[in-house]
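Worksheet: one structure, shown below.
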Amino acid sequence: SEQEAANEEYVEDQYLLFDATPLEPPSFAYGSLHSLDRLMEWSMKEESIVEVLGSRLELLQTEYKLITSYLKDYNESTRMATEGLHDPSKNTPEGRGRVVGSSAVLAHRMTNRYTSTISKLQELISSDAYIDNQRNINETIHPELIKMLKDREEKSYNGTFTTEDETPEALPIWPWPHKLDLYRSDLSFIHLHEIYGFFPAQMRVGLEVDTKYGGFLNAKQCFAIGAHALSRYYYYMAIEWLELTKNLLLSADEEDRSIPLDIVSSLLDIAIKEHNLGIKYNGTEEFYTRPTYEGQPTEERLRYRKYIYHSPTIRENPQFNAVSQYWALCSGVTFQTPKTQKSLKCFYEMKRHPYLYINPLKTEILSENPPVFQFYDVLANDTIEDIKAKAVPRLQLSEVVGTDDVEQITKHRTSAGTFMRYKEMPKVYEHSEIISGLKLLEKASEMAQVVEYTYGRYYIYHADALEDEEPEEERGYMTESGDRVATLLYYLETAEYGGDTPFCAAGVNARRVRASAVLWYNMYRNGTVREDVYHGACPVIHGHKIIINHWIHYNQNWNYFPCSLNPLE
Ligand SMILES: O=C(O)CCC(=O)C(=O)O
Ligand SMILES: [Fe+2]
C-alpha cells in the first residue's frame, strides 16, 4: 500500500535497511570513534563544543528577545496600520512609506525601533562575545574543517608498514565522526545482545554492574539498533529491540517520539514474519532462532540458550559447536570435564632459558589438548605503557585477511589495531622468544599486532592458521615462512567486564589478566593445521582491552617444535 511504501522509503532513507552499503563509506576502514583514544578525544572535544554552544544559547536568547520584540512592534504598528490600504498605488513599499511618514504614531514607533531595538541588535552582533562565539563555533563544530585535513591522513599513514624501516612520522588526523561510526556502535549493542544474551531493556539503561551512570537510550536509538539488526537478518534481535521501542513509545515517560509508532509496528511485523519463515525453511541452520510472536521471544531465547550451554549433544554437533561454545564460554560457562580439570597444573618454568632461572615463568596449563598455556607477570608496567604510548595514537579499524567489505568485516572483527616493528619494542620480541621457547625474529613471525577493543568490540571465533584457504597474495611472506604454528598473546590492558579469550573446543577461557601472556599451537608438530584451536575475543562489556598478537610461523621453528610421529601431537 501507499503507507507501506512511504514507511519503507522512510526507513531505508534513515536506517540503512535492505541495502548493505547505502552510506557510501569513504573507505572500509573509516572510523573516528573506534578506539578509547579516539572516543576520549571526541569526548574532550565535546567539552569545548558544549562551552561554545552554551554561550551561543545565551546570545541567542538575547537575540531572540530583540528580534521578537522588533517584529512584534513592526507587526502591531506598520503592518496592521497599512494592511487595509485599498488604493493599489499605496500598497507598495513606497506607498506604505508615505503612510508611515505621515503618521505621528507609526513614525514614532519606527524611530523607536531603529534607535532602540535594532541598535541593540547591532550592538549584540558586533560585540566581541558574539564575534568570538561565531568564530569558535566555526572552529569547533564545522566538520568541513576536519574533512579537509583528512587528505593529510590518507597521505601520511595507512596503518601498516610496508618495509621494516618505515616509521610513522605523521600520525593520522582523524576525520569528523561519520555515520559509519554510529553503525559500528549499533553493532556493539547487537553483539553484546547476541553473544551474552543480554536483554535490550537491560542494555538500554547501561550494563555496568557496580555503577549507574544515568544514561539510557531513547526510543529512536533503540529503533535504530532494531532496524540495523533487521538489515543484517538478525531477526530475533530485531524483534526484541523493536518490541522495546514499541513499549517505550506506548509508555508515558518516553520523551523522544520522533519515530512513528506505525513504522515501528510494521518493521516488527516484517521481522517476525521473516524470523518465522527462516525457521520454516532453514530448519536448524539458524539454530538459535525459534518461532516467535509478539510479546514472547525473550523467554524462549533464554530457555534455548540454557539448552545450548548445557546440552552436550548440541555442543558437540560439528555444525554448531564453535558458535555455541563461544557463546557459552563468553557467558561464563566452562565445560572442561572434572577429569581434565584435575590434570591441569600451575608451575614455575625455569628450563627454557637461563633467564628463566632468575625470573621463573609463572605458568598455568589452561588446557592440555589442545595445549593452551597462560604465563603471568611477564610484562613490566613500563614496557606496557611504552607500547601503549606508541600504538594507541595510530590504532585503526582492524582488517580481516581476504576481504574489505564492511559488512563482512564487522561480522567477524570490530577491534582497532596497528603493527609494532621489532625496532619499536626489541625487548618484547626477544622476551617473546624466551617465554614461548620459539623463534620469532628474522621473519619467523609476523610484525606484532596491537589490538584494542572498546565496548561491544569483539573477534568472533576463528582459527589463526590461514591454511591454504586464503589467496596466495594475502599470505605474503608466509608462503616462505610457513603458516602460523603458534600464537603468543599478551594482555596489555583488560576490560572491567568482558573481553576474555575463549578456546572453543578446550571449553575454557584465557582470563583477562594484565601483563599475562597466552600461548597456543595452531598446528601439530607434523605441520598440519589443528582443528581444535578455534578461539575468539569476547565482546568488551565495560572498559577497554588491549592485546599484542605475535603470530609465530612454522618453517624456522621445526627445530624448536620438532616433528613427531604421533599425528595427534
Ligand atoms: O583478543 C583476543 O583475546 C584474541 C585475539 C585473536 O584471537 C586474534 O587477534 O587473532
Ligand atoms: Fe586469533
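The numbering of the sequence shown is this note's numbering, which starts it at 4 and goes up by one. Glycine included, every Cβ here is placed at the ideal spot set by N, Cα and C. Because the structure is a prediction, the values reported are computed rather than measured.
So Phe422 is in the alpha helix (DSSP H); what residue range does that whole segment cover? The residue given as residue 422 occupies position 419 in the sequence shown. Careful: Phe422 lies outside any alpha helix (DSSP H), inside the beta strand (DSSP E) at Ala419 to Met423.
Which whole-angstrom value describes the C-beta separation of Gln543 and Gly459, a residue pair presumed to lie in contact below a C-beta threshold of 8 Å? The count along the sequence shown starts at 1 and reaches residue 543 at position 540. The count along the sequence shown starts at 1 and reaches residue 459 at position 456. According to the sequence as given, residue 543 is Val; it is not Gln. Confirmed, about 7 Å.
What residue range is occupied by the uninterrupted beta strand (DSSP E) comprising Lys426? Residue numbering aside, residue 426 sits at position 423 when the sequence shown is read from its first letter. Taken as a continuous stretch (DSSP letters only), Lys426 belongs to no beta strand (DSSP E), as it is neither H nor E.
Quickly, what does DSSP pair Tyr240 with across the bridge? List them, please. Numbered from its first residue, the sequence shown carries residue 240 at position 237. One point to set straight first is that residue 240 is Met, not Tyr, in the sequence displayed. Its beta-bridge partners do not exist; DSSP assigns none.
For Val108, the first and last residue of its enclosing alpha helix (DSSP H): For the purposes of this step, residue 108 is identified with residue 105 of the sequence shown, where counting begins at 1. Note, Val108: alpha helix (DSSP H), Ala107 to Asn115.
Starting from Glu49, follow the alpha helix (DSSP H) in both directions and report where the run begins and ends. Position 46 of the sequence shown, counted from the start, is the residue given in the question as residue 49. Start and end: Leu39 to Tyr77.
In the DSSP assignment, find the unbroken alpha helix (DSSP H) run with Glu142 in it and report its ends. Position 139 of the sequence shown holds residue 142. Residues Asp131 to Ile144.
Nearest to His278 by alpha carbon, out of Tyr239, Ala392 and Thr248? The residue labelled residue 278 in the question sits at position 275 within the sequence shown. With distances taken between Cα atoms, His278 lies closest to Tyr239.
Nearest to Glu197 by CA position, among Ala331, Trp179 and Ala110, is which residue? By 1-based counting over the sequence shown, the position of residue 197 is 194. Ranking Ala331, Trp179 and Ala110 by Cα distance to Glu197 puts Ala331 first.
Does the count of Cβ pairs from the segment 514 to 521 and the segment 486 to 496 closer than 8 Å reach three? yes
Take the Cβ of Ala274 as the centre, count every other Cβ of all protein chains shown within 10 Å, and call the residue buried at 16 or more, exposed below. Here residue 274 refers to the residue found at position 271 of the sequence shown. When all chains shown are included, Ala274 counts as buried.
Quick check: what's the CA-CA separation for Tyr189 versus Ala227? Numbered from its first residue, the sequence shown carries residue 189 at position 186. Numbered from its first residue, the sequence shown carries residue 227 at position 224. Checking the displayed sequence, the identity of residue 189 turns out to be Asp instead of Tyr. In a straight line, the C-alpha of Asp189 is about 8 Å away from that of Ala227.
Less than 8 Å between the CB atoms is what I'm expecting for Leu444 and Ala489, so what's the real figure, rounded? One-based indexing of the sequence shown puts residue 444 at position 441. One-based indexing of the sequence shown puts residue 489 at position 486. Wrong, their Cβ atoms sit about 15 Å apart, outside the cutoff.
Inter-stretch contact (C-beta, 8 Å, three-pair minimum) for the segment 424 to 441 and the segment 383 to 394: Taking 8 Å as the limit for Cβ pairs, the verdict is that the segment 383 to 394 does touch the segment 424 to 441.
Report yes if the C-beta distance between Asp503 and Cys333 is below 8 Å; otherwise report no. The residue you call residue 503 lines up with position 500 of the sequence shown. The residue you call residue 333 lines up with position 330 of the sequence shown. In this structure, Asp503 places its C-beta atom within 8 Å of the C-beta atom of Cys333.
With a threshold of 7 Å, establish whether the CB of Asp535 neighbours any heavy atom of ligand 2. Working through the sequence shown from its first residue, we reach residue 535 at position 532. No, since every heavy atom of ligand 2 falls outside the 7 Å radius drawn around the Cβ of Asp535.
Going residue by residue through the segment 310 to 396, where are the continuous beta strand (DSSP E) segments of at least 3 residues, counting only ones entirely within it? Every beta strand (DSSP E) stretch that sits fully inside the segment 310 to 396 and reaches 3 residues is listed by chain position as 349 to 352, 364 to 370 and 375 to 379.
Per DSSP, what kind of secondary structure is Val511 in: helix, strand or coil? The count along the sequence shown starts at 1 and reaches residue 511 at position 508. Of the three classes helix, strand and coil, the one that applies to Val511 here is strand, per DSSP.
Close-in-space but distant-in-sequence residues of the same chain around Val102 (CB under 8 Å, 5 per side omitted): As a first step, residue 102 is located in the sequence shown; it is residue number 99 there, counting from the start. Correct list, in chain order: Ala84, Thr85, Leu88, Lys93 and Leu109.
Spatial neighbours of Gly501 within its chain, please: CB distance less than 6 Å, with the 5 preceding and 5 following residues excluded, ordered by chain position. The residue you call residue 501 lines up with position 498 of the sequence shown. Closer than 6 Å at the Cβ level, and outside the excluded window around Gly501, lie Cys541, Pro542, Val543 and Ile544.
Within 7 Å: the Cβ of Asp467 and any heavy atom of ligand 2? Taking the first residue of the sequence shown as 1, we reach residue 467 at position 464. Answer for Asp467: yes, Cβ within range of ligand 2.
Please name the residue in Tyr329, Thr417 and Ser269 whose C-alpha comes closest to that of Leu400. Counted from its first residue, the sequence shown places residue 400 at position 397. Closest by alpha carbon: Thr417.
For Ser72, collect the residues of the same chain with a Cβ closer than 8 Å to its Cβ; drop the 5 residues on either side in sequence, then sort them by chain order. Indexing the sequence shown from 1 puts residue 72 at position 69. Closer than 8 Å at Cβ, skipping near neighbours: Thr120.
Minimum C-alpha distance to Ile549 - residue among His556, Ala394, Lys446 and Thr81: Your numbering for residue 549 matches position 546 in the sequence shown. Cα-wise, what sits closest to Ile549 is Ala394.
Other residues of its chain near Ser448: CB distance less than 7 Å, five sequence neighbours each side excluded: Here residue 448 is taken as the residue at index 445 of the sequence shown, counted from 1. Only His553, Trp554, Ile555 and His556 meet the Cβ criterion.
Of the choices Gly200, Tyr199, Phe219 and Val55, whose alpha-carbon is the least far from that of Arg207? Against the sequence shown, residue 207 aligns to sequence position 204. Restricting attention to Gly200, Tyr199, Phe219 and Val55, the CA atom closest to the CA of Arg207 is found in Phe219.
Please work out which residues of its chain come closer than 8 Å, Cβ to Cβ, to Ile262, disregarding the five sequence neighbours upstream and downstream, and give them in chain order. Position 259 of the sequence shown, counted from the first residue, corresponds to residue 262. So the list reads Ala222, Lys223, Phe226, Thr248 and Leu252, once near-sequence residues are dropped.
Under the rule that 16 or more other beta-carbon atoms within 10 Å means buried, what is Asn560, buried or exposed? Taking the sequence shown and counting its residues from 1, the one referred to as residue 560 is at position 557. Its Cβ being crowded by 16 or more others within 10 Å, Asn560 is buried.
With a threshold of 7 Å, establish whether the CB of Ile550 neighbours any heavy atom of ligand 1. The residue given as residue 550 occupies position 547 in the sequence shown. Yes, Cβ of Ile550 sits closer than 7 Å to a heavy atom of ligand 1.
8 Å Cβ cutoff met for Leu124 and Leu69: The residue you call residue 124 lines up with position 121 of the sequence shown. The residue you call residue 69 lines up with position 66 of the sequence shown. Contact: yes.
Exposed or buried, which one is Gln344 when buried takes at least 16 other CB atoms within 10 Å? The residue you call residue 344 lines up with position 341 of the sequence shown. Result: exposed.
Span separating the alpha-carbon of Arg144 from that of Arg82: On the sequence shown, position 141 is the one that residue 144 refers to. On the sequence shown, position 79 is the one that residue 82 refers to. Residue identity differs from the one stated: residue 144 is Ile in this sequence, not Arg. Their Cα atoms are separated by approximately 39 Å.
Restricting to Cα atoms, I'd like to know which of Tyr199, His231, Leu210 and Asp256 is closest to Thr3. The requested residue 3 is not part of the displayed model; the chain covers only 4 to 572.
Along the chain, where does the beta strand (DSSP E) containing Gln224 start, and where does it finish? Within the sequence shown, the letter at position 221 stands for residue 224. Taken as a continuous stretch (DSSP letters only), Gln224 belongs to no beta strand (DSSP E), being part of the alpha helix (DSSP H) at Ala222 to Ser234.
CB contact flag (Ile551, Gln452, <8 Å): As a working note, residue 551 is residue 548 in the sequence shown. As a working note, residue 452 is residue 449 in the sequence shown. Result yes, Cβ atoms of Ile551 and Gln452 sit closer than 8 Å.
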